[in-house]
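**Q** To start, I am sharing the structure in question, which I have written as structure tokens.
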Amino acid sequence: MTKKKTVEPMIAVRQVQNRFGTQVVHEDVTFDVMPGEIVGIVGGSGSGKSVLLKTMVGLRVQNGGEVRIGGRDIRAVPPAERAGLFGMLFQQGALFSSLSVAQNVMLPMKEHTDIKLKLCKKLAQMKLALADLPQEAGIKMPAELSGGMVKRAALARALALDPPILLLDEPTAGLDPLTASGFDALIKKLNVNLGLTVVMVTHDLDSLFTLCHRVAVLVDKKVIIDTLPNLMQHSHPWIREYFHGPRARAAQVATEGRDD
Amino acid sequence: MSEFGCTADSKGKRIVLTGALTIAHVQQAAHQLRAMHTQHGDWQAVDISKLEALDTAGALVLCDIGRDVPIAGASDTQRALLELVSALPIAIPKTKRPLPPARRIVVGTGRYMVELAAESRRVVTFMGKSVLALAHALRRPQRLRLNSVSHHIESIGIDALPIIGLMAFMIAVVLAYQGVAQLKPYGGESFTVDLVAISILREMGVLLTAIMVAGRTGSSFTAEIGVMKAREEVDALEVIGIDPFEMLVVPRLIAIIIALPLLTFFANMMGLVGGFFIINALIDISVPQYLERIHLAAQIDDLFVGMIKAPVFAFFIGIIGCMHGLRVTGSAESIGRETTTSVVKSIFLVLALDAFFSILFQQVGI
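First to last, the protein sequences are chains F and Z.
In this text, residue positions in the first sequence follow this note's numbering: the first is 1, and each later residue adds one.
In this text, residue positions in the second sequence follow this note's numbering: the first is 261, and each later residue adds one.
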């Protein structure tokens, strides 16, 4: 999926600034995410990856600049509509601990649509199946799930309203490599089949190499966004180090080995 | 995006769907399609070539129809979506049916009693372990964590002084006020001093202080230890070779057993001061007269009866607080649950023990 001038960007981040007190996290962050694209966000710790993600969904009000979703300022979108626009997968899953997994998935549907309980239950089970969870997981409580299952259940909830945009905050962090690559495959499947636009903060180099069409690197309080091959050639020292370190090389070799 | 619609062709054999078949319209769509099915039961194809939008929710509805009737006119992406959704193994898992109310009461009561017995055993076990750890620590005082003890005494005792003082003062005000109002018709309002002094020293001071400390300190014991348990800090202690009992439970127990009697004494004094203010305002009594009257009314035994209960209450509040803290499992909500249980249980124990003490003192005639 390459960038075409004629296509309206799904998400447009323009000159966004973020400050905490006197500490400037983002100075001039500008980039576009095109429909159907998977964009990875990387950066050193403390470079404001999660802050950027939170700004993009309107959880955090930026100190300057704007975020536009489908041509509209994110803060002008009413909450109910926003829920249908984004699904967000939080780092720890953020499943509501007092609700069962199926109820977690049903919550956004119950709040924002007029779907009757019977169909709602069926839709919830469908989302769980879509996220590769066994059907019995629906009646479990979040505390009974393993780490990988929590992420899948959280993904099912993020997909509840069939949003066109999916935001993932470190989706594969804390998962074992097998579960992690299963999760990567799942996101790929959703991207291809449902045409989802995906923005993911990740440290997982495997995910970056296998999934992402483009990668946004947060360096020097700005964003450098490009395709991976171009970033590999980039002259910025941090980027060079990031993509030419031993782990990056290993991930790259592994990806090329199983490339389709 | 336009509303969902479905129309049948002239013969009623082919159903044409239009508009958006997405989650926003899916209930309406399912309803319309069902109505259409009862009207034209013998349809032979569903044409979706005029659909403007289709998502997974819509695909699920189509898949349900698709089992009986072929779906025509799907674009490549729509077909891929339909295949994806129809391949999903969907089965709504059965939740356990709740028991009928009558049986639920019987079963619930039985379970509760069994649980109560098990719980009592756990409390006694924990108490035994704590006493052992306490004795162990006292035998080897160099292993006693005095820093930790003094830190806890500060947070249990000194930090609680304002609230305990205020509480005791206010309770004495209420007692004195009511005492004067009730005794005045009989000309016995000067006995209010006896009332206030004896009730504060024997019962109110220690009881209310203990309840306050159970709410304030018992809960913080549970929460502090609970957070450590949830974040595996307790396991880390054990791996490093430190007994969590010695590190977490013993200093807290020692601190609360020292601090609660002191707080009780402070509460007693504040109660007497509060009583004086009101009695002085209502029946005009001077400080020497007030003290004289207290001296006549209350024996040293009355103070002693109250104070002797304080360390016992303290021990139980500490035990319950620490026990529930260590019972926290990995999840955050269990910290909240255990904290609530801990406070409720320690307040209940304090009240029950107080009743027990009353009977005991009555029997031995103090």
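Here a beta-carbon is modelled for each residue, glycine too, at the ideal position from N, C-alpha and C.
Sort F:10, F:23, F:34 and F:42 by Cα distance to residue 228 (chain F) and report the nearest one.
**A** Walking along the first sequence from the start, residue 228 (chain F) turns up at place 228. The residue with the shortest Cα to Cα distance from residue 228 (chain F) is F:42.
**Q** I want to see whether chain Z comes within less than 7 Å of residue 139 (chain F), judged by CB atoms only; does it?
**A** If you number the first sequence from 1, residue 139 (chain F) lands on position 139. Yes, residue 139 (chain F) counts as interfacial toward chain Z.
**Q** Can you tell me which of the three DSSP states residue 626 (chain Z) falls into?
**A** As a working note, residue 626 (chain Z) is residue 366 in the second sequence. Three-state result, residue 626 (chain Z): coil.
**Q** Can you pull the chain Z residues whose beta carbon is under 8 Å from the beta carbon of residue 116 (chain F), in chain order?
**A** As a working note, residue 116 (chain F) is residue 116 in the first sequence. In chain order, 287 make up the part of chain Z whose C-beta sits under 8 Å from the C-beta of residue 116 (chain F).
**Q** Considering only residues of the same chain and omitting the five flanking positions on each side of residue 164 (chain F), which have a CB-CB separation below 8 Å?
**A** As a first step, residue 164 (chain F) must be located in the first sequence, where it is residue number 164. 10, 35, 85, 195, 196 and 197.
**Q** Suppose contacts are defined by Cβ-Cβ distances below 7 Å. Is residue 51 (chain F) in contact with residue 29 (chain F) by that definition?
**A** Here residue 51 (chain F) refers to the residue found at position 51 when the first sequence is read from its first residue. Here residue 29 (chain F) refers to the residue found at position 29 when the first sequence is read from its first residue. Their beta carbons are not under 7 Å apart, which means residue 51 (chain F) does not touch residue 29 (chain F) by this criterion.
**Q** Keeping to the same chain, check which residues put their C-beta closer than 7 Å to that of residue 592 (chain Z); ignore five residues upstream and five downstream.
**A** For the purposes of this step, residue 592 (chain Z) is identified with residue 332 of the second sequence, where counting begins at 1. So the qualifying residues of the chain are 490.
**Q** Going straight from the alpha carbon of residue 124 (chain F) to that of residue 580 (chain Z), what length do you get?
**A** Locating residue 124 (chain F) in the first sequence gives position 124, counting from the first residue. Locating residue 580 (chain Z) in the second sequence gives position 320, counting from the first residue. For residue 124 (chain F) and residue 580 (chain Z), the distance between alpha carbons rounds to 42 Å.
**Q** Distance, Cα to Cα, residue 542 (chain Z) vs residue 440 (chain Z)?
**A** Residue mapping note: residue 542 (chain Z) aligns to position 282 of the second sequence, counting from 1. Residue mapping note: residue 440 (chain Z) aligns to position 180 of the second sequence, counting from 1. The alpha-carbon atoms of residue 542 (chain Z) and residue 440 (chain Z) are separated by roughly 8 Å.
**Q** For my contact list, residue 458 (chain Z) and residue 561 (chain Z) are in at a C-beta cut-off of 8 Å; report their separation, rounded to the angstrom.
**A** Locating residue 458 (chain Z) in the second sequence gives position 198, where the first residue counts as 1. Locating residue 561 (chain Z) in the second sequence gives position 301, where the first residue counts as 1. Contact annotation, residue 458 (chain Z) with residue 561 (chain Z): C-beta distance approximately 10 Å; criterion of less than 8 Å not satisfied.
**Q** Could you check where the beta strand (DSSP E) with residue 236 (chain Z) kicks off and where it finishes?
**A** Nothing can be reported for residue 236 (chain Z): it is not among the residues displayed for chain Z, which extend from 261 to 626.
**Q** By the criterion of Cβ-Cβ separation under 8 Å, what are the contact partners of residue 122 (chain F) in chain Z?
**A** By one-based count along the first sequence, residue 122 (chain F) stands at place 122. For a Cβ distance threshold of 8 Å, residue set 320, 350 and 352 of chain Z lies close to residue 122 (chain F), ordered along the chain.
**Q** How would you list, in chain order, the residues of chain Z whose beta-carbon sits under 7 Å from the beta-carbon of residue 284 (chain F)?
**A** Lying before the first or after the last residue shown, residue 284 (chain F) is absent from chain F, which here runs from 1 to 260.
**Q** Run the CB neighbour count on residue 328 (chain Z), radius 10 Å, all protein chains shown included, and call it buried at 16 or more, exposed below.
**A** Taking the first residue of the second sequence as position 1, residue 328 (chain Z) is located at position 68. So residue 328 (chain Z) counts as exposed.
**Q** So the candidates are Z:432, Z:574, Z:506 and Z:340; which of them puts its Cα closest to the Cα of residue 532 (chain Z)?
**A** Taking the second sequence and counting its residues from 1, one reaches residue 532 (chain Z) at position 272. Measuring from the Cα of residue 532 (chain Z), the nearest candidate turns out to be Z:432.
**Q** So, using beta-carbon positions, are residue 482 (chain Z) and residue 584 (chain Z) closer together than 7 Å?
**A** Numbered from its first residue, the second sequence carries residue 482 (chain Z) at position 222. Numbered from its first residue, the second sequence carries residue 584 (chain Z) at position 324. Yes, these two residues count as a Cβ contact at 7 Å.
**Q** Counting contacts by CB-CB distance shorter than 7 Å, is residue 600 (chain Z) in contact with chain F?
**A** Within the second sequence, residue 600 (chain Z) is the residue found at index 340, counting from 1. It does not: the Cβ of residue 600 (chain Z) has no partner Cβ on chain F nearer than 7 Å.
**Q** Which residues in chain F sit within 7 Å of residue 355 (chain Z), going by Cβ to Cβ distance?
**A** Position 95 of the second sequence holds residue 355 (chain Z). Within chain F, the residues near residue 355 (chain Z) are 139.
**Q** Nearest-angstrom Cα distance between residue 147 (chain F) and residue 493 (chain Z)?
**A** Residue numbering aside, residue 147 (chain F) sits at position 147 when the first sequence is read from its first letter. Residue numbering aside, residue 493 (chain Z) sits at position 233 when the second sequence is read from its first letter. Spanning the two alpha carbons is a distance of roughly 20 Å.
**Q** Report yes or no: do three or more beta-carbon pairs, one from the region 593-612 of chain Z and one from the region 502-514 of chain Z, lie closer than 8 Å?
**A** When Cβ pairs closer than 8 Å are counted between the two stretches, the region 593-612 of chain Z is seen not to touch the region 502-514 of chain Z, the count staying below three.
**Q** Select from Z:484, Z:530, Z:451 and Z:525 the residue whose C-alpha is nearest the C-alpha of residue 553 (chain Z).
**A** For the purposes of this step, residue 553 (chain Z) is taken as the residue at position 293 of the second sequence. The shortest C-alpha separation from residue 553 (chain Z) is found at Z:451.
**Q** With a 10 Å radius around its C-beta and 16 neighbouring C-beta atoms as the bar for buried, classify residue 37 (chain F) as buried or exposed.
**A** As a working mapping, residue 37 (chain F) is identified with position 37 in the first sequence. It is buried - the Cβ of residue 37 (chain F) has at least 16 other Cβ atoms within 10 Å.
**Q** To be precise: take each residue of the region 65-99 of chain F, compare its Cβ to all Cβ atoms of chain Z, and keep it if any distance is under 8 Å. Which residues remain?
**A** Per Cβ criterion, the list reads 84, 97 and 98.
**Q** How many angstroms separate the CA atom of residue 277 (chain Z) from the CA atom of residue 119 (chain F)?
**A** Sequence index remark: in the second sequence, residue 277 (chain Z) carries index 17 (1-based). Sequence index remark: in the first sequence, residue 119 (chain F) carries index 119 (1-based). Distance between the alpha carbons of residue 277 (chain Z) and residue 119 (chain F): 20 Å.
**Q** Could you pull the start and end residues of the beta strand (DSSP E) that residue 261 (chain F) belongs to?
**A** Absent from the model: residue 261 (chain F). The displayed extent of chain F is 1 to 260, so no value can be given.
**Q** For residue 23 (chain F), does the three-state DSSP call read helix, strand or coil?
**A** By 1-based counting over the first sequence, the position of residue 23 (chain F) is 23. Residue 23 (chain F) sits in a strand when the DSSP states are folded into three classes.
**Q** Is residue 225 (chain F) helix, strand or coil when you go by DSSP?
**A** One-based indexing of the first sequence puts residue 225 (chain F) at position 225. Reduced to three states, the DSSP call for residue 225 (chain F) is strand.
**Q** Helix, strand or coil: which one does DSSP assign to residue 200 (chain F)?
**A** Here residue 200 (chain F) refers to the residue found at position 200 when the first sequence is read from its first residue. Three-state result, residue 200 (chain F): strand.
**Q** Candidates F:249, F:247, F:217 and F:252: which alpha carbon is nearest residue 235 (chain F)'s?
**A** If you number the first sequence from 1, residue 235 (chain F) lands on position 235. Here the closest residue by C-alpha is F:217.
**Q** Give a yes or no on whether the C-beta atoms belonging to residue 53 (chain F) and residue 201 (chain F) are separated by under 7 Å.
**A** Here residue 53 (chain F) corresponds to residue number 53 of the first sequence, with the count starting at 1. Here residue 201 (chain F) corresponds to residue number 201 of the first sequence, with the count starting at 1. Yes; because the gap between Cβ atoms is below 7 Å, this pair is in contact.
**Q** In chain F, what lies closer than 7 Å to residue 317 (chain Z) by C-beta?
**A** The residue you call residue 317 (chain Z) lines up with position 57 of the second sequence. The contacting residues are 123 and 162.
**Q** So that I know if they touch, is there some Cβ in chain B lying closer than 7 Å to that of residue 193 (chain F)?
**A** No chain B is present in this structure, whose protein chains are F and Z.
**Q** If you draw a straight line from the alpha carbon of residue 331 (chain Z) to that of residue 237 (chain F), how long is it in whole angstroms?
**A** Position 71 of the second sequence, counted from the start, is the residue given in the question as residue 331 (chain Z). Position 237 of the first sequence, counted from the start, is the residue given in the question as residue 237 (chain F). Their Cα atoms are separated by approximately 56 Å.
**Q** Please state the DSSP three-state secondary structure of residue 157 (chain F).
**A** The residue labelled residue 157 (chain F) in the question sits at position 157 within the first sequence. The answer is helix: DSSP assigns residue 157 (chain F) an H, G or I state.
**Q** By Cβ distance, which residues of its chain are closer than 6 Å to residue 31 (chain F), with the 5 residues on each side in sequence left out?
**A** By one-based count along the first sequence, residue 31 (chain F) stands at place 31. Excluding sequence neighbours, residue 31 (chain F) sits near 13, 216, 223 and 225.
**Q** Are residue 268 (chain Z) and residue 281 (chain Z) closer than 7 Å when you measure CB to CB?
**A** By one-based count along the second sequence, residue 268 (chain Z) stands at place 8. By one-based count along the second sequence, residue 281 (chain Z) stands at place 21. No.
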